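Asker: In UniProt numbering, the protein residues as written are 1 to 628.
Glycine included, C-beta positions come from ideal geometry on N, C-alpha and C.
The structure displayed is predicted, hence computed values, not measured ones.
Got a structure here, written out as structure tokens. Questions coming.
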């Protein structure tokens, strides 16, 4: 948002009220060095080079005058410029928009006003009296129509007798300086809810006296605010936030306010605003307000074009700003406009146009990864289509785009399709639509029969579908599993998921010591195991360990013997069984009952004849028995 300065201050002596009026504005920082790579007038000229419409050139005399001011203001150290001579007044009039041919007329009026002011203050005994008398005189002689927020120009003071804080401060500063007063212009940044403000201070020796030129009683304003019975209503500028400027800063504020006025209508006159801000920055290179306003102007200008769908125009604006201003925030805006443009074109299915835009975006931002491939913009558009119209629409959109893509870009879009199908499948599973979920994956496999991502997806599908179906009917779950194995015999993830489901079912029953139920479940879910007897062996292993924990060693050994009969090649069963026998025998070894220990080891070696642990420990016990 571009920020004007026009705040009114009124002192109503009869009622004892102080009123303050203000507009809306964002805070500005303190003054700093001129921040842009191009001088202000070159920034304005850049508009023409960027094909941003007709750029009205400055009159030769104005261009020369502004160039001289710029050179003086940016010289290190800055060259001294007379603050209130005829040239300074002409610069205020130039900043007010008065054409070169009419400035002499206003200069005559100004000179006459200075003469009248000199006469009116001739009796002043000090600069303080003169400053007070001058302010009262100007309000009687020229500032007679009162405060009008938009009357910011110096010519309006003479033509309309109206003023705001900027124009009244300009007039007071110029006339007062001509009369020999040492005056210090001050600018107060706006806040998020109030306008900025311009004022003038009198420097009298080591004393600084605040003056509010909008008010005939504005001399030594803080002192008047402290008078008994005075109440402040409305906005009061915070002088603690003020920073010192000069007469050219006041003139620059005139141009800044005219820039704000150029942006107010719809459509805004952005080129005109840039012209005014170029004048403002030429006069006051270190003033942060026109700097921020110039950045805001380009940002609004470009984004307004983009909001209206004029992306090519928006890109011209931001490309121009990038060259002329080199500002990070505007560069981010430039990047974002490219992204919006690409999203719009690809989203509309204009793939040929989009393919032409991507290299241009990459050239503008070579480090931006998203601009390196059209796949990024196809998949973004496909995701939006998916979210709006459903997964099928998103996949159809991607298929249409693939007609125009090849190489890595096509591969990336196909990968997105795989991911989209997996997510769709999972969404259908969440809705307990196992059949629909399977159709989605089957269609994907038909397109990409060797894609391992679909194999993993089928494993997940199997896991979730079996859980849902088994909750209602175990036989239905088993039948569904068999159907999956027949349809996709090469997908091992289905078998793995089936075994995992069966194992969890058994483990839950065994943890609850429901071993008989576990044995029945093992029989019912046997097709899910892949290996005959595997589930029964697992259930018996749980049962045997439970018996061993209870000290029922013979019964535990019997269960392991039964388990090995059901699943003779299960190494895990053999190891667990041998460990159980060793734990049993060590009970006797701890008591040095070597004979009993030998007996137990020999019992264990019958079902586990190849166990080295059992053999070695039996030999140890036999040796101990002989020594005894």
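#1: In three-state DSSP terms, what is residue 581?
#2: For residue 209, which residues of its own chain have a beta-carbon under 6 Å away from its beta-carbon, when the five flanking residues on both sides are left out?
#3: Let's test the definition: count the other Cβ atoms within 10 Å of the Cβ of residue 155 and tell me whether it reaches 16, buried, or not, exposed.
#4: Run through the DSSP bridge pairs and tell me what residue 208 is partnered with.
#5: Under DSSP, the beta strand (DSSP E) around residue 184 begins and ends at which residues?
#6: Determine whether the beta carbon atoms of residue 354 and residue 378 lie at a separation below 9 Å.
#7: Would you mind sorting residue 390 into buried or exposed? The rule is 16 or more other CB atoms within 10 Å of its CB.
#8: Which residues share a DSSP beta bridge with residue 197?
#9: Measuring straight from C-alpha to C-alpha, what distance separates residue 617 and residue 603?
#10: Measuring straight from C-alpha to C-alpha, what distance separates residue 584 and residue 505?
#11: Note down, in chain order, each residue of its chain lying with its Cβ closer than 6 Å to the Cβ of residue 163, except the 5 sequence neighbours on either side.
#12: At least one CB of chain B closer than 9 Å to the CB of residue 359: is that the case?
#13: Applying the criterion that 16 or more other CB atoms from any shown protein chain within 10 Å of the CB defines a buried residue, is residue 571 buried or exposed?
#14: Where does residue 146 fall in DSSP's three states?
#15: Should residue 486 go down as buried or exposed, given a rule of 16 or more other Cβ atoms within 10 Å for buried?
#16: From the DSSP output, in three-state form, read off residue 25 for me.
#17: Are the CB atoms of residue 449 and residue 405 nearer to each other than 9 Å?
#18: Who are the near neighbours of residue 466 in its chain, counting only those whose CB is closer than 8 Å to its CB and skipping five residues on each side?
#19: With DSSP as the reference, label residue 483 as helix, strand or coil.
#20: Who are the Cβ neighbours of residue 577 in its own chain at under 6 Å, not counting the five residues just before and after it?
#21: Quick check on DSSP: helix, strand or coil for residue 219?
#22: Given that a residue counts as buried once 16 or more other Cβ atoms are within 10 Å of its Cβ, and exposed if not, what is residue 565?
#23: Please classify residue 425: is it buried, with 16 or more other beta-carbons within 10 angstroms of its beta-carbon, or exposed?
#24: Less than 9 Å separating the beta-carbons of residue 258 and residue 72?
#25: In the DSSP assignment, find the alpha helix (DSSP H) that holds residue 386 and state where it starts and stops.
#26: If contacts are defined as beta-carbon pairs under 8 Å, then residue 536 and residue 510 qualify, I think. What distance do you get, rounded to the angstrom?
#27: Mind the definition here: the region 81-91 touches the region 302-322 only if three or more C-beta pairs lie below 8 Å; say whether that holds.
#28: Would you mind working out which of 446, 457, 419, 167 sits nearest residue 434, comparing C-alpha positions?
#29: Tell me whether the beta-carbon of residue 37 lies closer than 9 Å to the beta-carbon of residue 324.
#30: Could I get the ranges of all uninterrupted alpha helix (DSSP H) runs contained in the region 304-345, with 4 residues as the minimum, in chain order?
#31: Is it buried or exposed for residue 28, if we count other Cβ within 10 angstroms and need 16 for buried?
#32: Should residue 18 go down as buried or exposed, given a rule of 16 or more other Cβ atoms within 10 Å for buried?
#33: Write down the C-beta distance between residue 417 and residue 398 rounded to the nearest angstrom, noting that I regard them as a contact closer than 8 Å.
#34: By the 10 Å Cβ neighbour count, where 16 or more other Cβ atoms means buried, how is residue 629 classified, buried or exposed?
#35: Quick one, which of 137, 365, 315 has its alpha-carbon nearest residue 116's?
#36: For residue 495, I'd like the list of residues in its chain whose CB is within less than 6 Å of its CB, leaving aside the five on either flank, ordered along the chain.
Answerer: Let me lay it out:
#1: Residue 581: helix per DSSP, three-state reduction.
#2: Excluding the 5 residues flanking it on each side, residue 209 has same chain C-beta neighbours closer than 6 Å at 202, 220, in chain order.
#3: So residue 155 counts as buried.
#4: Beta-bridge analysis with DSSP links residue 208 to 203.
#5: 183-188 is the span of the beta strand (DSSP E), which, as asked, contains residue 184.
#6: Annotated as proximal: residue 354 and residue 378, with beta-carbon spacing under 9 Å.
#7: Counting Cβ neighbours within 10 Å, residue 390 comes out exposed, since fewer than 16 surround it.
#8: DSSP output for residue 197 lists 188 as bridge partner(s).
#9: Distance between residue 617 and residue 603, taken at the CA atoms: about 13 Å.
#10: Their backbone Cα atoms lie some 29 Å apart in a straight line.
#11: If we look at residue 163 and ignore the five residues flanking it on each side, its Cβ neighbours are 143, 151, 157.
#12: Any reference to chain B falls outside this structure, which holds one protein chain only.
#13: Per the 10 Å Cβ criterion, exposed.
#14: Residue 146: strand per DSSP, three-state reduction.
#15: The residue is exposed, with fewer than 16 neighbouring Cβ atoms inside 10 Å.
#16: For residue 25, the pLDDT reaches just 32, beneath the cut-off of 50, and the residue's location in the model is therefore unreliable, although a value from the coordinates is still provided. In this structure, residue 25 counts as coil in the three-state DSSP scheme.
#17: Residue 405 sits away from residue 449, with the two beta carbons spaced by 9 Å or more.
#18: Beyond the five residues adjoining it in sequence on each side, residue 466 comes within less than 8 Å, by CB distance, of 477, 480, 481, 497, 498, 501, 528 in the same chain, given in chain order.
#19: Residue 483: helix per DSSP, three-state reduction.
#20: For residue 577, where only same-chain residues beyond five positions count, the Cβ hits under 6 Å are 560, 608.
#21: The answer is strand: DSSP assigns residue 219 an E or B state.
#22: In the assembly as shown, residue 565 is an exposed residue. Its beta-carbon has fewer than 16 other beta-carbons within 10 Å.
#23: Around the beta carbon of residue 425, 16 or more other beta carbons lie within 10 angstroms, which makes this residue buried.
#24: No.
#25: Residue 386 -> alpha helix (DSSP H) spans 375-389.
#26: The C-beta separation of residue 536 from residue 510 comes to about 12 Å, leaving the pair out of contact by the 8 Å criterion.
#27: Cβ pair count under 8 Å is below three, so no.
#28: Nearest option by C-alpha distance: 457.
#29: The answer is yes: Cβ separation under 9 Å.
#30: Runs of the alpha helix (DSSP H) inside the region 304-345: 311-324.
#31: Interpretation of residue 28 is limited by its pLDDT of 48, a score under 50 that renders its predicted location unreliable; no figure is taken from the coordinates.
#32: In this prediction, residue 18 scores a pLDDT of 31, lower than 50, which makes its location untrustworthy; the coordinate-derived value is nonetheless stated afterwards. Per the 10 Å Cβ criterion, buried.
#33: Cβ atoms of residue 417 and residue 398 come within 8 Å of each other, at about 5 Å.
#34: This structure cannot settle anything about residue 629, because the visible part of the chain is limited to 1 through 628.
#35: Ranking the options by Cα distance to residue 116, first place goes to 137.
#36: Only 530 meet the Cβ criterion.
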